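Working notes, structure below.
There are 2 protein chains.
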Amino acid sequence: MANSNVKMSFREQMLHAREEAIIRTVNRLLAEKGFEGMTVDEVAAEVGIAKASLYKHFPSKEDLAAAAMVWVMRRAQAFLATLPDTGAAMDNLRAVVAWTMGLKLAGEMPSLPSQNSSLRATLIGNKDYMDGLIDVSDRLGAWIESAQAEGALNPALPAIAVLYTLFARACDPVLEFLKMSALHTDEEIIAMVLSSCFDGLRSRAS
Amino acid sequence: MANSNVKMSFREQMLHAREEAIIRTVNRLLAEKGFEGMTVDEVAAEVGIAKASLYKHFPSKEDLAAAAMVWVMRRAQAFLATLPDTGAAMDNLRAVVAWTMGLKLAGEMPSLPSQNSSLRATLIGNKDYMDGLIDVSDRLGAWIESAQAEGALNPALPAIAVLYTLFARACDPVLEFLKMSALHTDEEIIAMVLSSCFDGLRSRAS
DNA sequence: GTCTATAGGAGGATAGAC
DNA sequence: GTCTATCCTCCTATAGAC
Chain A
0 MANSNVKMSF REQMLHAREE AIIRTVNRLL AEKGFEGMTV DEVAAEVGIA KASLYKHFPS
60 KEDLAAAAMV WVMRRAQAFL ATLPDTGAAM DNLRAVVAWT MGLKLAGEMP SLPSQNSSLR
120 ATLIGNKDYM DGLIDVSDRL GAWIESAQAE GALNPALPAI AVLYTLFARA CDPVLEFLKM
180 SALHTDEEII AMVLSSCFDG LRSRAS
Chain B
0 MANSNVKMSF REQMLHAREE AIIRTVNRLL AEKGFEGMTV DEVAAEVGIA KASLYKHFPS
60 KEDLAAAAMV WVMRRAQAFL ATLPDTGAAM DNLRAVVAWT MGLKLAGEMP SLPSQNSSLR
120 ATLIGNKDYM DGLIDVSDRL GAWIESAQAE GALNPALPAI AVLYTLFARA CDPVLEFLKM
180 SALHTDEEII AMVLSSCFDG LRSRAS
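Protein chains in written order, with numbering that gives the first Met the number 0: chain A, 0 to 205; chain B, 0 to 205.
Shown next as C-alpha cells:
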C-alpha cells in the first residue's frame, strides 16, 4: 500500500512536471502572441512532444489557455498571501498592481481576447479558475473598501470600477508601448504607470 | 469635358458610397469581434455583395481593417478641429478622451490586436493612416506639453507616456466591463473612467 | 465590377500502431 | 501516453463567366 502510494505519487509527479512544462510554454506563447496567434502545433513543438500527446493532457486549445490562467491566478494568490492584512490597504493595492505589471513586462502575463466566446465559456466552466478569480476579487475588494473608508481611495468611484481598473493594468498596452520605446527600465515604466493610475495625470498640489 | 467630369464624379460617388458602406460594416464588426474574429464572408454578407466583389475594392482583409482605421482617424481629426486651440489645453485633452470612449461604448471603435504582424505591416505601410496618426499625435502632444507647462498636467510624466495613456483609453476593457454590468449609463461610465484617468484613484484634497 | 465556384492552406482535433 | 499520419472545417483569396 505504501509502495503503491509511492509509485502513484512518483507517476503523478512526472505527469505534473510535464504538464507544468506545457503550461509554462503556453503561458509564454499566450503572452507573446495572444490566444488566436498561438497555435497548438507551436506549443507541441516548443515543449518537444507530439501534438496528439498534448491532447492527452488537455482536451482543447481553450483548456490549454485556461490552465495557463489558473497557473497565473495561483501565483497571484500566493503573492497576495505575502502582503500584510494589517496596515494600509492602499499599499497592498499598489503592490499588487506593481506585481502584475512586472509579470506583463516579463512576458509572463497571458493576453486573452475578452471577446472570444468559446474561450470565455471554458474559463467560466473552469472551477479552479473561477474560484481563484473570486478569491482574488474578494481580497482586492476588501482592500478597496477599506482604503475608501480610510479616505485614501476616492470614495466617489464604485468599488467595482476600481477593481476593474486595477485588473486592467495587467493588460495595459501602455506597458508594451513604453517598453518598445526602450527609453526606460521596467522599474521606471512600472513607476510611471503606477503614478498615472493612482495619482492621475493631473498635477497634485503636494 | 464638363460632362465627362460629371460622369466620372458620379461614378466615383457611387464607388465611394459603396466603399463607405463596406467600411462602416467593417468598422462595426471590428468593434464587435476584433480583427481575427471578423471574417471576410461575414463582411460581404452584411454589406450584401459577393466576397469576390469585396476584393475588387480592397486587396486584403488587412487593407479592410486599415480602411476602417483611416476612417476613424479622419473622424478623430474632424473632432479635434472643433476644439479651440486657444484656452485650456487640459479641457481639450479631456474632451478628446471622452469622445473616443463614447465611440468605443457606441461600438464604433475597431479593436485590433497589437501583436498581429501582418496587420501592423499593412497599417504602417498605409500613408493615410500614418499621416492621420502623426497628425493626431502632434496635436495631442502639443496640448500635453502646453498643459504640463501650465502645471495642469503632471510634468513628472514624460509627454509620450501621457500620450500613450490617453490613446489607451480608446481600447480600455474597463469600459466594456462596466457596460456589461448594466449599472451605469454610458455618460456615467465615461465620467468615472475620465475621473480615474485624470484625477487618479487616490483621493484628492479639493 | 458583380456573380458562382473553387483553389489553397492553415490549424484544431483524432485514428491507430506501438 | 507517445508517436506518425491524416481528417476536416474554416477562411483568405482568386479564376473565369457575364
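Even for Gly, the Cβ is constructed at its ideal location relative to N, Cα and C. Please read all numbers here as calculations on a predicted model, not as lab measurements.
Beta carbon of residue i nearer than 9 Å to that of residue j
i, j, result
"ALA30 (chain A)", "PRO83 (chain A)", "no"
"ALA151 (chain A)", "ALA88 (chain A)", "yes"
"VAL192 (chain A)", "THR164 (chain B)", "yes"
"GLN114 (chain B)", "GLY36 (chain A)", "yes"
"ILE188 (chain A)", "LEU177 (chain A)", "yes"
"THR121 (chain A)", "ALA75 (chain A)", "no"
"ASP185 (chain A)", "GLY131 (chain A)", "no"
"MET33 (chain B)", "GLY199 (chain A)", "Here the sequence assigns Gly to residue 33 (chain B), which means Met is not the residue at that position. Cβ atoms of GLY33 (chain B) and GLY199 (chain A): not closer than 9 Å."
"ARG10 (chain A)", "ILE48 (chain A)", "no"
Option nearest residue i by Cα separation, candidates the options
i, options, result
"ALA146 (chain A)", "A:GLY86, A:ASP134, A:SER180", "A:GLY86"
"PHE78 (chain B)", "B:HIS56, B:ARG93, B:ASN26", "B:ARG93"
"CYS170 (chain A)", "A:ALA80, A:VAL42, A:ALA105, A:GLU61", "A:ALA105"
"THR99 (chain B)", "B:ALA181, B:ALA141, B:SER180, B:ARG73", "B:ARG73"
"LEU221 (chain A)", "A:LYS50, A:ASN91, A:ARG23, A:SER194", "Nothing can be reported for residue 221 (chain A): it is not among the residues displayed for chain A, which extend from 0 to 205."
"GLU107 (chain B)", "B:TYR54, B:ILE123, B:LYS60, B:VAL25", "B:VAL25"
"ALA190 (chain A)", "B:ARG168, B:PRO157, B:LEU174, B:SER195", "B:PRO157"
"GLU136 (chain A)", "A:PHE166, A:GLU19, A:LYS60", "This sequence places Ser at residue 136 (chain A); Glu is not what is there. Cα-wise, what sits closest to SER136 (chain A) is A:PHE166."
"ALA155 (chain A)", "B:SER195, B:GLU41, B:LEU111", "B:SER195"
Residue i versus residue j - alpha carbon distance
i, j, result
"SER202 (chain B)", "GLU149 (chain A)", "10 Å"
"ILE21 (chain B)", "VAL46 (chain B)", "6 Å"
"LEU162 (chain A)", "HIS15 (chain B)", "45 Å"
"SER180 (chain B)", "PRO172 (chain B)", "13 Å"
"ALA1 (chain B)", "ARG119 (chain B)", "Per-residue confidence for ALA1 (chain B) stands at a pLDDT of 43, beneath the threshold of 50, marking its modelled position as unreliable; no derived number is given."
"SER8 (chain A)", "ARG27 (chain B)", "53 Å"
"ASP62 (chain A)", "HIS183 (chain B)", "33 Å"
"ALA141 (chain B)", "ARG168 (chain B)", "19 Å"
"THR81 (chain A)", "VAL95 (chain A)", "10 Å"
"ALA44 (chain A)", "LYS60 (chain A)", "15 Å"
"SER52 (chain A)", "ALA51 (chain B)", "40 Å"
"PRO112 (chain A)", "ILE123 (chain B)", "23 Å"
"ASN153 (chain B)", "GLU175 (chain B)", "28 Å"
"ARG23 (chain A)", "GLU41 (chain A)", "13 Å"
Assigned exposure category for residue i - 16 Cβ within 10 Å defines buried
i, result
"LEU197 (chain B)", "It is worth fixing the name first, because residue 197 (chain B) is Phe in this sequence and not Leu. Buried, since its Cβ has 16 or more Cβ neighbours within 10 Å."
"LYS103 (chain A)", "buried"
"PHE57 (chain A)", "buried"
"ILE133 (chain B)", "exposed"
"ILE143 (chain A)", "buried"
"ALA204 (chain B)", "exposed"
"LYS55 (chain B)", "exposed"
"SER117 (chain B)", "exposed"
"GLU19 (chain B)", "exposed"
Next on the checklist: Using a Cβ distance threshold of 8 Å, determine whether the region 58 to 69 of chain B contacts the region 117 to 135 of chain B, with at least three qualifying pairs required.
Outcome noted: Taking one beta carbon from each stretch, the region 58 to 69 of chain B and the region 117 to 135 of chain B have 3 or more pairs nearer than 8 Å; the two touch.
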